[in-house]
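Reminder that position 61 of the sequence shown reads as 214 in this note's numbering, one-by-one numbering, no gaps.
Glycine included, each C-beta is placed from N, C-alpha and C at the ideal position.
Just below is one structure, and these are the notes that go with it.
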Amino acid sequence: MPKVIVYLKPKFEEYDVEVYVYDVDGRLVDKRSIQHVKQLVIKAPEIRVSRQLFHEYTALLVDADKPRIDFKEGGLVYIYG
Numbered sequence: 154m155p156k157v158i159v160y161l162k163p164k165f166e167e168y169d170v171e172v173y174v175y176d177v178d179g180r181l182v183d184k185r186s187i188q189h190v191k192q193l194v195i196k197a198p199e200i201r202v203s204r205q206l207f208h209e210y211t212a213l214l215v216d217a218d219k220p221r222i223d224f225k226e227g228g229l230v231y232i233y234g
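As structure tokens, then:
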């Protein structure tokens, strides 16, 4: 199953977000850095939280059949699985 790893770095009233999308073979297929994120919405079957992957960021591991990332005005990010 494809995976999405989302790194959240808290800032004052917002987040810096880095998103990495991996295919079923574990190859990186997409990478995005998004700043000034006010809200992150993840619609996927399973999400895990991991702090061990990076010290400054909180890591969310998302299982996604067909990952899609949308950024809307006003700092809203959607991740669909």
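| Asked | Found |
| --- | --- |
| If the criterion is Cβ atoms closer than 7 Å, does the pair Val157 and Ala217 meet it? | yes |
| Measuring alpha carbon to alpha carbon, tell me which residue in Gly227, Leu161 and Lys184 is nearest Val202. | Leu161 |
| Which class does Glu237 belong to by DSSP, given the choice of helix, strand or coil? | The chain is shown from 154 up to 234; residue 237 falls before or after that span and cannot be answered. |
| Tell me the DSSP bridge mates of Lys156? | Tyr175 and Asp216 |
| Could you have a look at Glu209 and say whether DSSP puts it in helix, strand or coil? | coil |
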